[in-house]
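Report on the following structure.
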Amino acid sequence: MGRGVDVCLWALVTGCGDDVADSTASTTLAATASTVGLSDDTTPTTGPQLDLGATDCGLDNGALGLSFIWIANSTQGTISKIDTVTLKERGRYVARPDAAGNPSRTSVNLAGDVVVANRNGGLTKIYALPERCAESNGTPGLQTASDAQHLPWGIEECIAWHTPMTYFSQRPVAWTPGTFDATTCRFAEQKVWTAGLNTPGTIDILRLDGDTGAIEATITITDAYIDDYGIYGGAVDARGNFWGSQVGQAKLHFVDHDTLAHRSWDMPVGGYGITVDSQGYVWTCAGNASRFDPASETWQVVAAGEYGGCMEDGAGTLYKATPGGILAFDTATMTIKRTYSLPQHAHGISVDFDGYVWAVSQGSEAYRLDPSDGSFQTVGGLVGAYTYSDMTGFALSSVHVP
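When we follow the working numbering, the leftmost residue of the sequence shown carries the number 8, and every step to the right adds one.
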């Protein structure tokens with residue numbers, strides 16, 4: 008593929024102009040890559056800092072609602088909000104009106120609010136903080152869960168919206184960064200990506216309004232890899248573009264946030280979890296660590312770990328599920344740095360805003376790992392836990408520092 012085509016693709020990813028002449032393509036590509044953090048040296052110089060103009064706004068992670076990890080209790084049909092500092096469960100919520108959604112992936116926006124995807128169809132947004140919730144059930148006062156005891160649908164008042172969808176398989180969900188308004192100290196124009204499948208080989212990728220849950224756009228793909236899942240996991244880059252992976256002998260899918268243009272690439276090996284790192288590379292994680300470079304449209308693959316989630320810490324270390332624990336993987340050298348042991352299988356992986364690494368089992372436990380010394384603490388009481396997406400909002404913050 009010629010450099011002019013490379014630049015056109017990179018323009019889709021970064022939002023830069025597409026009227027680049029071949030004679031200047033090399034220079035323009037280098038400049039564009041530098042703008043979003045990609046260079047010949049892919050080692051980040053600094054970790055992500057969620058700087059919201061604290062001098063003016065006076066906001067910290069707690070005030071934003073970013074001190075929580077949101078884990079789906081798939082077999083119970085609920086989602087748990089766990090305080091990443093105290094390790095206490097601060098709320099549990101039904102994920103669909105009939106409580107039969109079989110929720111899995113969660114995504115947290117830069118205001119701390121969550122959207123959960125139900126495998127059996129439908130998305131639900133939940134407010135992170137009670138002060139954002141509103142009277143909706145006719146009973147005076149605010150009725151909302153504060154621990155592991157969930158309230159019935161219709162009584163719980165911190166459900167922001169629910170958008171029903173009739174898909175046989177609906178798994179991925181990912182917030183876009185939106186735009187931070189310093190005058191109001193709030194994010195605006197936040198969108199939500201998801202995807203659903205009814206017919207193998209045909210996938211709908213949808214973009215929703217994050218405030219209302221209204222479906223704004225539907226992109227139907229008819230040449231997807233044929234399976235019963237569709238897109239298995241989703242993530243966004245700094246521009247809010249959607250990246251989705253399929254499992255098996257799969258495809259990686261891309262949809263531009265603004266133009267809704269779609270591209271796809273064959274994956275060299277099967278994928279499972281997916282994340283975008285702070286340098287703009289797209290990672291899929293199965294029994295390997297696979298890194299896709301959007302600029303060159305090339306893959307690098309290293310055998311590492313097992314099927315499950317993965318997330319970068321914003322400073323060049325990717326944490327990934329591995330038998331018996333978590334491995335730390337160097338994103339620049341593509342080598343394993345360290346392996347951490349846990350009491351049982353870890354499926355979901357996330358990083359919180361204090362630098363701890365979270366591992367979610369497929370049972371009743373989640374673990375908070377301190378990567379500096381390998382010590383961990385356990386959170387129990389989950390029910391059929393199954394989440395390996397951006398369940399804290401940290402991945403979103405590391406690709407898009409306001």
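Built from N, CA and C at the ideal position, the CB exists for glycine as well.
This one's a predicted model, so the numbers in the text were calculated from it and none came from an experiment.
As a quick exercise: from 229, 281 and 267, pick the residue whose alpha carbon is nearest that of residue 254.
Translated into positions along the sequence shown, residue 254 becomes position 247. Closest by alpha carbon: 281.
Residues near residue 116 in its chain [Cβ-Cβ closer than 6 angstroms; skip 5 each side]:
In the sequence shown, the residue the question calls residue 116 occupies position 109. Around residue 116: 182 and 197.
At least three beta-carbon pairs within less than 8 angstroms, the stretch 115-133 to the stretch 222-235
no
Identity of the residues DSSP links to residue 292 by a beta bridge
On the sequence shown, position 285 is the one that residue 292 refers to. According to DSSP, which records beta bridges pairwise, residue 292 is partnered with 280 and 296.
Specify, as a first and last residue, the run of the beta strand (DSSP E) that residue 310 falls within.
Translated into the one-based positions of the sequence shown, residue 310 becomes position 303. Residues 305-310.
Among residues of its own chain, excluding the 5 on either side of residue 164, which ones have a beta-carbon nearer than 8 angstroms to its beta-carbon?
On the sequence shown, residue 164 is found 157 positions in, with the first residue counted as 1. Closer than 8 angstroms at the Cβ level, and outside the excluded window around residue 164, lie 140, 141, 142, 143, 144, 149, 150 and 151.
Buried or exposed, going by whether 16 or more other CB atoms sit within 10 Å of the CB of residue 170?
Translated into the one-based positions of the sequence shown, residue 170 becomes position 163. By the 10 Å Cβ count, residue 170 comes out buried.
For residue 158, would you say it is in contact with chain D, using Cβ-to-Cβ distances shorter than 7 angstroms as the test?
Of the protein chains in the structure, only one exists, and it is not chain D.
On the DSSP bridge list, what partners appear for residue 252?
Here residue 252 refers to the residue found at position 245 of the sequence shown. Residue 252 is bridged to 240 and 259.
Given residue 332, which residues of its chain have a CB within under 7 angstroms of its CB, disregarding the five upstream and five downstream residues?
For the purposes of this step, residue 332 is identified with residue 325 of the sequence shown, where counting begins at 1. Closer than 7 angstroms at Cβ, skipping near neighbours: 346, 347, 348, 349 and 353.
Since residue 257 contacts residue 237 with CB under 8 angstroms, what's their CB separation in whole angstroms?
Residue 257 sits at position 250 when you count from the first residue of the sequence shown. Residue 237 sits at position 230 when you count from the first residue of the sequence shown. That pair is no contact at about 11 angstroms.
What residue range does the beta strand (DSSP E) around residue 144 cover?
Along the sequence shown, read from residue 1 onward, the residue named residue 144 stands at position 137. Neither: residue 144 is in no beta strand (DSSP E) and is coded neither H nor E.
I'd like to know whether the C-beta atoms of residue 371 and residue 387 end up nearer to each other than 7 angstroms.
In the sequence shown, counting from the first residue as 1, residue 371 sits at position 364. In the sequence shown, counting from the first residue as 1, residue 387 sits at position 380. Yes.
Find the nearest neighbour of residue 271 within the set 68, 405, 227 and 159, judged by alpha-carbon distance.
Counting from one through the sequence shown, the residue named residue 271 turns up at place 264. Of the listed residues, the one whose Cα sits closest to residue 271 is 227.
Which residues in the same chain as residue 337 place their Cβ atom closer than 7 angstroms to its Cβ, once the five residues preceding and following it in sequence are excluded?
Taking the first residue of the sequence shown as 1, we reach residue 337 at position 330. Excluding sequence neighbours, residue 337 sits near 323, 324 and 344.
The beta strand (DSSP E) that contains residue 322, what's its start and end?
Translated into positions along the sequence shown, residue 322 becomes position 315. Counting along the chain, residue 322 falls outside any beta strand (DSSP E), and DSSP gives it neither H nor E.
Starting from the C-beta of residue 407, find all residues in its chain whose C-beta is less than 6 angstroms away, skip the five residues before and the five after it, and write them out in chain order.
Locating residue 407 in the sequence shown gives position 400, counting from the first residue. Closer than 6 angstroms at the Cβ level, and outside the excluded window around residue 407, lie 184 and 245.
Could you name the residues of the same chain whose beta carbon sits closer than 7 angstroms to that of residue 153, not counting the 5 residues immediately before and after it, in chain order?
The residue labelled residue 153 in the question sits at position 146 within the sequence shown. Same-chain partners within the cutoff: 97 and 98.
With 16 other Cβ atoms within 10 Å as the buried cut-off, status of residue 319:
Here residue 319 refers to the residue found at position 312 of the sequence shown. So residue 319 counts as buried.
Which partner residues does residue 125 have in the DSSP bridge list?
For this step, residue 125 is matched to residue 118 along the sequence shown. Answer is 110, bridged to residue 125.
Ordered along the chain, which non-local residues of its own chain (more than five positions away) have a Cβ less than 6 angstroms from that of residue 216?
Start at 1 with the first residue of the sequence shown, and residue 216 comes out as number 209. The residues are 223.
Assigned secondary structure, residue 53 (DSSP; H/G/I helix, E/B strand, else coil):
The residue labelled residue 53 in the question sits at position 46 within the sequence shown. Unreliable positioning characterises residue 53 in this predicted model, as indicated by a pLDDT of 37, which lies under 50. A coordinate reading is not provided.
Where residue 411 falls: helix, strand or coil (DSSP)
The structure shown does not extend to residue 411, since the chain spans only 8 to 409, so no value can be given for it.
Let me confirm a value: residue 86 is counted as buried when at least 16 other C-beta atoms fall within 10 Å, else exposed. Which label applies?
Residue numbering aside, residue 86 sits at position 79 when the sequence shown is read from its first letter. Counting Cβ neighbours within 10 Å, residue 86 comes out buried, since at least 16 surround it.
Could you tell me the alpha carbon to alpha carbon distance between residue 316 and residue 110, rounded to whole angstroms?
The sequence position of residue 316 within the sequence shown is 309, counting from 1. The sequence position of residue 110 within the sequence shown is 103, counting from 1. Approximately 16 angstroms between the Cα atoms of the pair.
Can you pull the DSSP bridge partners for residue 92?
Within the sequence shown, residue 92 is the residue found at index 85, counting from 1. Per DSSP, none; premise fails for residue 92.
Beta-carbon spacing of residue 308, residue 330 below 7 angstroms
Position 301 of the sequence shown, counted from the start, is the residue given in the question as residue 308. Position 323 of the sequence shown, counted from the start, is the residue given in the question as residue 330. Not in contact: residue 308 and residue 330 (Cβ atoms no closer than 7 angstroms).
Can you check whether the CB of residue 180 is closer than 7 angstroms to the CB of residue 114?
Taking the first residue of the sequence shown as position 1, residue 114 is located at position 107. Taking the first residue of the sequence shown as position 1, residue 180 is located at position 173. Yes, they are a contact pair.
When the Cα of residue 210 is compared with those of 230, 302, 168 and 295, which residue comes out closest?
The residue you call residue 210 lines up with position 203 of the sequence shown. If we check each option's Cα against that of residue 210, 230 comes out closest.
In DSSP terms, what residue 176 is bridged to
Here residue 176 refers to the residue found at position 169 of the sequence shown. Beta-bridge pairing links residue 176 to 204.
Going by C-alpha distance, which of 137, 133 and 68 is nearest residue 79?
Against the sequence shown, residue 79 aligns to sequence position 72. Measuring from the Cα of residue 79, the nearest candidate turns out to be 133.
In the DSSP assignment, find the unbroken alpha helix (DSSP H) run with residue 401 in it and report its ends.
Locating residue 401 in the sequence shown gives position 394, where the first residue counts as 1. Looking at the DSSP string, the run of the alpha helix (DSSP H) that includes residue 401 is 401-406.
One question on the structure: do residue 392 and residue 357 come within less than 7 angstroms of each other, judged by their Cβ atoms?
Taking the sequence shown and counting its residues from 1, the one referred to as residue 392 is at position 385. Taking the sequence shown and counting its residues from 1, the one referred to as residue 357 is at position 350. Their beta carbons are not under 7 angstroms apart, which means residue 392 does not touch residue 357 by this criterion.
Given that a residue counts as buried once 16 or more other Cβ atoms are within 10 Å of its Cβ, and exposed if not, what is residue 327?
Within the sequence shown, numbered from 1, the residue matching residue 327 stands at position 320. Looking at its Cβ environment, which holds 16 or more other Cβ atoms inside 10 Å, residue 327 is buried.
When you compare the CB positions of residue 201 and residue 130, do they come within less than 7 angstroms of one another, or not?
The sequence position of residue 201 within the sequence shown is 194, counting from 1. The sequence position of residue 130 within the sequence shown is 123, counting from 1. Against a cut-off of 7 angstroms, the Cβ pair of residue 130 and residue 201 comes out as a contact.
Strictly by DSSP, which residues pair up with residue 269?
As a working note, residue 269 is residue 262 in the sequence shown. 262, per the DSSP bridge assignment.
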